[in-house]
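Number of protein chains: 4
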Amino acid sequence: MTLDRPSYVWPGGKRSAACFSVDVDAEAPYLWQHRAAMPDTIGALEQRRFGPREGLWRLTDLLERHGIRGSFYVPGVVAETYPDILPELCRRGHEVGLHGWLHELVADTTQADFVRALDRALALFEAQTGQAPAGFRSPAWEMTPAMLAALRERGLRYDSSLMGYEHPYEIDGITEIPVHWSVDDAIYFKFLGGGADKWPPVAPLHVGEAWLHEWRSGSAYGSLFMVTVHPWISGRAGRIAMLDHVLETITGDAATWWATAAEIADWHARSPNAGRFLVAATVPTGAA
Amino acid sequence: MTLDRPSYVWPGGKRSAACFSVDVDAEAPYLWQHRAAMPDTIGALEQRRFGPREGLWRLTDLLERHGIRGSFYVPGVVAETYPDILPELCRRGHEVGLHGWLHELVADTTQADFVRALDRALALFEAQTGQAPAGFRSPAWEMTPAMLAALRERGLRYDSSLMGYEHPYEIDGITEIPVHWSVDDAIYFKFLGGGADKWPPVAPLHVGEAWLHEWRSGSAYGSLFMVTVHPWISGRAGRIAMLDHVLETITGDAATWWATAAEIADWHARSPNAGRFLVAATVPTGAA
Amino acid sequence: MTLDRPSYVWPGGKRSAACFSVDVDAEAPYLWQHRAAMPDTIGALEQRRFGPREGLWRLTDLLERHGIRGSFYVPGVVAETYPDILPELCRRGHEVGLHGWLHELVADTTQADFVRALDRALALFEAQTGQAPAGFRSPAWEMTPAMLAALRERGLRYDSSLMGYEHPYEIDGITEIPVHWSVDDAIYFKFLGGGADKWPPVAPLHVGEAWLHEWRSGSAYGSLFMVTVHPWISGRAGRIAMLDHVLETITGDAATWWATAAEIADWHARSPNAGRFLVAATVPTGAA
Amino acid sequence: MTLDRPSYVWPGGKRSAACFSVDVDAEAPYLWQHRAAMPDTIGALEQRRFGPREGLWRLTDLLERHGIRGSFYVPGVVAETYPDILPELCRRGHEVGLHGWLHELVADTTQADFVRALDRALALFEAQTGQAPAGFRSPAWEMTPAMLAALRERGLRYDSSLMGYEHPYEIDGITEIPVHWSVDDAIYFKFLGGGADKWPPVAPLHVGEAWLHEWRSGSAYGSLFMVTVHPWISGRAGRIAMLDHVLETITGDAATWWATAAEIADWHARSPNAGRFLVAATVPTGAA
Chain A
120 MTLDRPSYVW PGGKRSAACF SVDVDAEAPY LWQHRAAMPD TIGALEQRRF
170 GPREGLWRLT DLLERHGIRG SFYVPGVVAE TYPDILPELC RRGHEVGLHG
220 WLHELVADTT QADFVRALDR ALALFEAQTG QAPAGFRSPA WEMTPAMLAA
270 LRERGLRYDS SLMGYEHPYE IDGITEIPVH WSVDDAIYFK FLGGGADKWP
320 PVAPLHVGEA WLHEWRSGSA YGSLFMVTVH PWISGRAGRI AMLDHVLETI
370 TGDAATWWAT AAEIADWHAR SPNAGRFLVA ATVPTGAA
Chain B
120 MTLDRPSYVW PGGKRSAACF SVDVDAEAPY LWQHRAAMPD TIGALEQRRF
170 GPREGLWRLT DLLERHGIRG SFYVPGVVAE TYPDILPELC RRGHEVGLHG
220 WLHELVADTT QADFVRALDR ALALFEAQTG QAPAGFRSPA WEMTPAMLAA
270 LRERGLRYDS SLMGYEHPYE IDGITEIPVH WSVDDAIYFK FLGGGADKWP
320 PVAPLHVGEA WLHEWRSGSA YGSLFMVTVH PWISGRAGRI AMLDHVLETI
370 TGDAATWWAT AAEIADWHAR SPNAGRFLVA ATVPTGAA
Chain C
120 MTLDRPSYVW PGGKRSAACF SVDVDAEAPY LWQHRAAMPD TIGALEQRRF
170 GPREGLWRLT DLLERHGIRG SFYVPGVVAE TYPDILPELC RRGHEVGLHG
220 WLHELVADTT QADFVRALDR ALALFEAQTG QAPAGFRSPA WEMTPAMLAA
270 LRERGLRYDS SLMGYEHPYE IDGITEIPVH WSVDDAIYFK FLGGGADKWP
320 PVAPLHVGEA WLHEWRSGSA YGSLFMVTVH PWISGRAGRI AMLDHVLETI
370 TGDAATWWAT AAEIADWHAR SPNAGRFLVA ATVPTGAA
Chain D
120 MTLDRPSYVW PGGKRSAACF SVDVDAEAPY LWQHRAAMPD TIGALEQRRF
170 GPREGLWRLT DLLERHGIRG SFYVPGVVAE TYPDILPELC RRGHEVGLHG
220 WLHELVADTT QADFVRALDR ALALFEAQTG QAPAGFRSPA WEMTPAMLAA
270 LRERGLRYDS SLMGYEHPYE IDGITEIPVH WSVDDAIYFK FLGGGADKWP
320 PVAPLHVGEA WLHEWRSGSA YGSLFMVTVH PWISGRAGRI AMLDHVLETI
370 TGDAATWWAT AAEIADWHAR SPNAGRFLVA ATVPTGAA
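First to last, the protein sequences are chains A, B, C and D. Quick note: the numbering used here has the first sequence finishing at residue 407, numbered continuously throughout. Quick note: the numbering used here has the second sequence finishing at residue 407, numbered continuously throughout. Quick note: the numbering used here has the third sequence finishing at residue 407, numbered continuously throughout. Quick note: the numbering used here has the fourth sequence finishing at residue 407, numbered continuously throughout.
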């Protein structure tokens, strides 16, 4: 509990920050889901392959139109399957970050498997881009203390998977660039059919209005507006048009600092914020 | 991955295309669902029979008011039960296409059963209309590579079940006229009661606004606006009124080409697009 | 299939009709649900008892303000537990109709139990009101051919549980006054907590707009606008305010005929519509 | 059934009342849910810890800006883990009330465990604040007659967990300050990921409009507007902005009495309302 709550400080007198993050999942979650037995159907695969075919590049076009560099988190298997993705994103000036190998869900993954996927992806990223990535984003936004430690031990500069503040903070000694469900595209738009969906897609314009409300409201608190999209979902025309409107509005605000997650993490480390927002990833013992 | 992404070309300088497709399911999915044991209840049957009684002909009236010919996909059992449907749709100038025999769900159907249903429906269509249908639409929008091959072997000119692009493309050598959940009526409106529904019907006017947003947004990318409706669902007055507004808006745009799916498939085959958007229906081997 | 579709004719040159129906369920569905083992909790009971305490009488006040007589369907156990309800509704000029004894769900009820509940409720209605009810509404809107026959054999003049047309029709020789999920309050508003709900309550004003859209759209087709509400759900202030607006709008339209379901059934029987909309409650044999 | 329905009387000629209640759950429901086996993941914990870190104090700031004192219900384990919360809330003039020890769900709790948690929390509250709390709110809004009796025996002045009226009433001899799902934040906003959510977060501005509609509609009936929020949910910037608008609107209405639940319970006991709204917490015997 922090009764004395310091304000978060952004560079150059900015009131708040915005980051456009892209989880380039493509087939990876499907491969993970069906790792025991692959069905012979292609509906979900075709829907997901729209991402690398078309959606991803509509998103980079969109960002370039608005002069924004994004942070793209790419599962190892996607970078391996589509070897042009990482080099091309780097060439365009975007950040690329880790996102597991097979989009492994934390709750179903051992620490040993997590570390193996992490090291395999790190090696591939360095081979394909010539440099080490700065950060990691957990598939489905879940972590354990041991996984945070594994990131720290490998010199990663940040994690971007948790929701403990609305601005960067430090958890177990690693910088956390927080996310939030309210500004994630998948929970509003993802629809795969076949009986497993629990709600229909939300109208893009309604989501856009809600996201702008989040951005405006967060500005008053110095929050980070961290939007997260997926190429196979938000690369569809109706969502691109929504994002276009959102970006046009936010880039028109001089008090918002657009940056990649890596830039935000680096700012955090060297700013007056460092050391002010420290938390421990304590898991309770249970019986209380 | 297609870093070099060609634009899709539509005939006569049109910017995009629109197709009004109707899945004339009536009782077929109910017969499939209860094929092992038929309950003695009639609630769902009466709701579904509103389709052939009334909804289907409200839809043909609607299309005629707007000067549009639609593509109607009819399960074999529906054509057999209501033998006036196929001839009457042909008489009015609409396209009729295949939609399985009993609305068989792909995930629960063997290749042998798929082929048997396909051939039985083909024979019935030819008997009732005097001509072979041009295309196939999968119930619930799912396919396998083997099912695509079965279509190709029977000389069908297109499939309309997948979502790999927003415009026609070729998959394993057959033309795909793509669909998308965001412009399907069932996921927004279908409600059967009895405890199985997972969300309530969405307000028709909100769906209409969202669909117009999809159309407008897709126009900028040269996309195909492929709307899909069901007579027992969208034949209800509130949805007809919504569709009326949608069609009135889109037919007012000179840059949108209204066509049947068969016409679009034929255009694709003879246009500069042919050969530019080729994909393989590859199912991963699993372990990665 | 009715290629030649006659228009429905309403009395006095009216274009369409409206009926305000109230399912006075109170605790009945809860008693049915827990008939094997009653929990000792009172949350759902208190929420449901708001109906007979307060909600029901807010609804009768509302109807009286708008000069409308409604059709109230009351499970036998509710009439027995609250013996003032049936006489008071009759005194105010409303119709009272049957709704099972314990709100028995059709799918879980034998024909013998259905008939026993029906006869027990019929006897109670006659004892409490001095007259036989004209109609029956099935809990959860489901029927079987045998249940329809049981209504007919007891001289009931109509059933109001099915969705096969948007206006009255005849099914297996009994008049059907149709309902529809899109204008039922429970699917939008019912929320009981405890983890079983599948969606949150919809904003009342949005539901009201959607209902007016249904009414307006249906008017163009001569449809019956049959709204269905529950006192424990729509007796809450926010829903009453919505209903107030809906009724104010519709009563302002001179071309809509407000009537009880019994009056509508009687009109159907003696009007030119009689015999024009006949269907059979055929249950398919399954294998097709 | 109350055919003769008295109006509820509020002090000083006010037409209705409003209460801002806060369920300070933090990790408590998570500890309860995983009491048998605690996972090693931290996603939900971090999301929940945003409450005591930040959300709770944004809410107290919000209330102070609007000159409102709220009623804060705090599980014992939360008060123990964050020992500044109760004293600080008291210092700021808010009411603090009981909310179980570990946010025990009634359906999964024996009477003995309920009483043990109640007494443990009572002792902690008295130790931390120097006074006995006035009221109790059940986690998840459920009660049994025996639990109501336990509150009464311990001299608690009210319960706030049920929905039997829209204004205070008496149930089994204890004053009930009623709640309602329609004005609870969790059902609209709570989203935890991991596959268990059944609907996506609703846009805050839509929820705010719906809540103002509830308040306006209830005013016409003399209802209590009892809003309930959670710091980890509604402490997020977008929800705070919504609440700000709601409070600004309602505090601008001179006919609405803002009070804590304890003040409302005390008013009820000494007002003309006392004895007018008496109900028994009767659980039916089942077979009817």
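Ideal Cβ placement from N, Cα and C applies to all residues, glycine included. Owing to the predicted nature of the structure, the values given are computational and were not obtained by experimental measurement.
Check: Under 8 Å, do residue 176 of chain B and residue 194 of chain B count as touching if we go by C-beta distance?
Finding: In the second sequence, residue 176 of chain B corresponds to position 57, counting from 1. In the second sequence, residue 194 of chain B corresponds to position 75, counting from 1. Not in contact: residue 176 of chain B and residue 194 of chain B (Cβ atoms no closer than 8 Å).
Item checked: Which of helix, strand or coil DSSP assigns to residue 402 of chain D -> Your numbering for residue 402 of chain D matches position 283 in the fourth sequence. Coil at residue 402 of chain D, not helix or strand.
Checklist line | Three-pair Cβ contact test at 8 Å for the region 257–277 of chain A versus the region 289–307 of chain A | finding: Here the region 257–277 of chain A makes contact with the region 289–307 of chain A; the two share three or more CB pairs at distances below 8 Å.
Margin query: Going by DSSP in three states, residue 396 of chain D sits in which element: helix, strand or coil?
Written below: In the fourth sequence, the residue the question calls residue 396 of chain D occupies position 277. Residue 396 of chain D falls in the coil class under three-state DSSP.
Next item on the list: Assign residue 252 of chain A to buried or exposed, taking buried as 16 or more other Cβ atoms, counted over all protein chains shown, within 10 Å of its Cβ.
Entry: To locate residue 252 of chain A, count along the first sequence from 1; it is residue 133. Under the 10 Å beta carbon count, residue 252 of chain A is surrounded by 16 or more other beta carbons and is classified as buried.
Note to self: Beta carbons nearer than 7 Å to chain C: which residues of the region 319–331 of chain B have them?
What the structure shows: When CB distances to chain C are screened at a threshold of 7 Å, the residues of the region 319–331 of chain B falling below it are 319, 320, 322, 323 and 324, in chain order.
Check: Looking at the C-beta of residue 339 of chain D, does it have a partner C-beta in chain C at a distance below 8 Å?
Finding: Start at 1 with the first residue of the fourth sequence, and residue 339 of chain D comes out as number 220. At a cut-off of 8 Å between C-beta atoms, residue 339 of chain D counts as an interface residue with respect to chain C.
Notebook entry, point to check: Leaving out five residues before and five after residue 164 of chain B in sequence, what residues of the same chain have Cβ atoms less than 7 Å from its Cβ?
Noted result: Within the second sequence, numbered from 1, the residue matching residue 164 of chain B stands at position 45. Here the set comprises 146 and 149.
Next item on the list: Please decide whether residue 359 of chain B counts as near chain C, where near means a Cβ-Cβ distance under 8 Å.
Entry: As a working note, residue 359 of chain B is residue 240 in the second sequence. Judged by the 8 Å Cβ criterion, residue 359 of chain B is in contact with chain C.
Next item on the list: Only counting runs of 3 or more residues, tell me where the beta strand (DSSP E) segments fall wholly within the region 358–391 of chain C, in order along the chain.
Entry: Segments of the beta strand (DSSP E) lying fully in the region 358–391 of chain C: 375–377.
Notebook entry, point to check: From this set, C/151, C/382, C/204 and C/188, which residue's C-alpha is nearest residue 174 of chain C's C-alpha?
Noted result: Here residue 174 of chain C refers to the residue found at position 55 when the third sequence is read from its first residue. Among C/151, C/382, C/204 and C/188, the Cα nearest to that of residue 174 of chain C is on C/204.
Notebook entry, point to check: How would you call residue 283 of chain C, buried or exposed, if buried means at least 16 neighbouring beta carbons within 10 angstroms?
Noted result: To locate residue 283 of chain C, count along the third sequence from 1; it is residue 164. Classification for residue 283 of chain C: buried.
Next item on the list: Mind listing, in chain order, the continuous beta strand (DSSP E) runs of no fewer than 3 residues lying wholly within the region 121–164 of chain C?
Entry: Listed in chain order, the complete beta strand (DSSP E) runs (minimum 3 residues) inside the region 121–164 of chain C are 135–142.
Item checked: Every unbroken alpha helix (DSSP H) within the region 168–251 of chain C, with a cutoff of 4 residues, ordered by chain -> Complete alpha helix (DSSP H) runs here, min 4: 175–184, 195–200, 204–210 and 230–248.
Checklist line | C-beta contact flag for residue 277 of chain A and residue 137 of chain A at 8 Å | finding: Counted from its first residue, the first sequence places residue 277 of chain A at position 158. Counted from its first residue, the first sequence places residue 137 of chain A at position 18. The criterion of a C-beta distance shorter than 8 Å is not satisfied by residue 277 of chain A and residue 137 of chain A.
Next item on the list: Under the assumption that residue 143 of chain B contacts residue 197 of chain B (Cβ atoms under 8 Å), give the Cβ distance between them as a whole number of angstroms.
Entry: Looking up residue 143 of chain B in the second sequence gives position 24. Looking up residue 197 of chain B in the second sequence gives position 78. About 6 Å separates the two Cβ atoms, so the contact holds.
Margin query: Using CA atoms only, rank isn't needed, just tell me which of B/151, B/229 and B/315 is closest to residue 264 of chain B.
Written below: The residue you call residue 264 of chain B lines up with position 145 of the second sequence. Ranked by Cα distance from residue 264 of chain B, the first of B/151, B/229 and B/315 is B/229.
Notebook entry, point to check: For a contact meaning CB atoms closer than 8 Å, what does residue 157 of chain C contact in chain D?
Noted result: For the purposes of this step, residue 157 of chain C is taken as the residue at position 38 of the third sequence. Chain D residues near residue 157 of chain C: 402, 403, 404 and 405.
Notebook entry, point to check: According to the Cβ coordinates, are residue 365 of chain B and residue 331 of chain B closer than 8 Å?
Noted result: Start at 1 with the first residue of the second sequence, and residue 365 of chain B comes out as number 246. Start at 1 with the first residue of the second sequence, and residue 331 of chain B comes out as number 212. Between residue 365 of chain B and residue 331 of chain B, the CB-CB gap stays under 8 Å.
Next item on the list: Identify every residue that forms a DSSP beta bridge with residue 343 of chain A.
Entry: Position 224 of the first sequence, counted from the first residue, corresponds to residue 343 of chain A. Looking at the DSSP assignment, residue 343 of chain A forms a beta bridge with A/136.
Check: Does residue 121 of chain D come within less than 8 Å of chain C when only Cβ atoms are used?
Finding: The residue given as residue 121 of chain D occupies position 2 in the fourth sequence. Annotation note: pLDDT 49 at residue 121 of chain D (below 50); position unreliable, coordinate value reported separately. It does: the Cβ of residue 121 of chain D has a partner Cβ on chain C nearer than 8 Å.
Check: Would you call residue 401 of chain C buried or exposed, if buried means 16 or more other Cβ atoms sit within 10 Å of its Cβ?
Finding: As a position in the third sequence, residue 401 of chain C is number 282, starting the count at 1. By the 10 Å Cβ count, residue 401 of chain C comes out exposed.
Item checked: Rounded separation between residue 328 of chain A and residue 363 of chain A - CA only -> By one-based count along the first sequence, residue 328 of chain A stands at place 209. By one-based count along the first sequence, residue 363 of chain A stands at place 244. Whole-angstrom Cα-Cα distance: 12 Å.
Notebook entry, point to check: Excluding the five sequence neighbours on either side, which residues of its own chain have a C-beta within less than 6 Å of the C-beta of residue 121 of chain C, listed in chain order?
Noted result: On the third sequence, position 2 is the one that residue 121 of chain C refers to. Confidence is the limiting factor: at residue 121 of chain C the pLDDT is only 49, short of 50, which leaves the residue's position unreliable, though a coordinate-based value still follows. Correct list: empty, nothing qualifies.
Next item on the list: Go ahead and label residue 360 of chain C buried or exposed: buried means 16 or more other beta carbons lie within 10 angstroms of its beta carbon, across all protein chains shown.
Entry: Locating residue 360 of chain C in the third sequence gives position 241, counting from the first residue. Classification of residue 360 of chain C: buried, given that the 10 Å Cβ count is 16 or more.
Notebook entry, point to check: Considering residue 293 of chain D, what are the terminal residues of the alpha helix (DSSP H) in which it resides?
Noted result: As a working mapping, residue 293 of chain D is identified with position 174 in the fourth sequence. Per DSSP, residue 293 of chain D lies in no alpha helix (DSSP H); the unbroken beta strand (DSSP E) holding it starts and ends at 293–295.
Notebook entry, point to check: If we count the other Cβ atoms within 10 Å of its Cβ and call it buried at 16 or more, is residue 227 of chain B buried or exposed?
Noted result: Sequence index remark: in the second sequence, residue 227 of chain B carries index 108 (1-based). By the neighbour-count criterion, in which a residue is buried when 16 or more other Cβ atoms sit within 10 angstroms of its Cβ, residue 227 of chain B is exposed.
Notebook entry, point to check: From residue 377 of chain B to residue 372 of chain C, what distance separates their C-alpha atoms?
Noted result: For this step, residue 377 of chain B is matched to residue 258 along the second sequence. For this step, residue 372 of chain C is matched to residue 253 along the third sequence. Taking the straight line joining both Cα atoms gives about 38 Å.
Next item on the list: Express the C-alpha separation of residue 341 of chain A and residue 134 of chain A in angstroms, rounding to a whole number.
Entry: For the purposes of this step, residue 134 of chain A is taken as residue 15 along the first sequence, with counting starting at 1. For the purposes of this step, residue 341 of chain A is taken as residue 222 along the first sequence, with counting starting at 1. The straight-line gap from Cα to Cα measures roughly 6 Å.
Check: Does residue 281 of chain A get closer than 8 Å to chain D when you measure Cβ to Cβ?
Finding: Taking the first sequence and counting its residues from 1, the one referred to as residue 281 of chain A is at position 162. Interface criterion met: the Cβ of residue 281 of chain A is under 8 Å from a Cβ in chain D.
Checklist line | Within chain B, the residues that residue 259 of chain C reaches when beta carbons sit closer than 9 Å | finding: Position 140 of the third sequence holds residue 259 of chain C. Residues of chain B passing the Cβ test: 162, 312, 313 and 314.
Notebook entry, point to check: When you compare only the Cα positions, how much space is there between residue 212 of chain D and residue 358 of chain B?
Noted result: Working through the fourth sequence from its first residue, we reach residue 212 of chain D at position 93. Working through the second sequence from its first residue, we reach residue 358 of chain B at position 239. Distance between the alpha carbons of residue 212 of chain D and residue 358 of chain B is about 54 Å.
Next item on the list: Please report the residue range of the alpha helix (DSSP H) in which residue 284 of chain D lies.
Entry: Position 165 of the fourth sequence, counted from the first residue, corresponds to residue 284 of chain D. Counting along the chain, no alpha helix (DSSP H) covers residue 284 of chain D, and no H or E run does either.
Margin query: Spatial neighbours of residue 261 of chain C within its chain, please: C-beta separation below 6 Å, excluding the five flanking residues on both sides.
Written below: One-based indexing of the third sequence puts residue 261 of chain C at position 142. Take residue 261 of chain C, set aside five residues on each side of it, and the residues of its chain with a beta-carbon closer than 6 Å to its own are 225, in chain order.
Next item on the list: Report the residue from A/210, A/286 and A/369 whose alpha carbon sits nearest the alpha carbon of residue 343 of chain A.
Entry: The sequence position of residue 343 of chain A within the first sequence is 224, counting from 1. Minimum Cα distance to residue 343 of chain A is reached at A/286.
Note to self: Rounded to the nearest angstrom, what separates residue 181 of chain B and residue 375 of chain B at their Cα positions?
What the structure shows: If you number the second sequence from 1, residue 181 of chain B lands on position 62. If you number the second sequence from 1, residue 375 of chain B lands on position 256. In this structure, the CA atom of residue 181 of chain B is about 19 Å from the CA atom of residue 375 of chain B.
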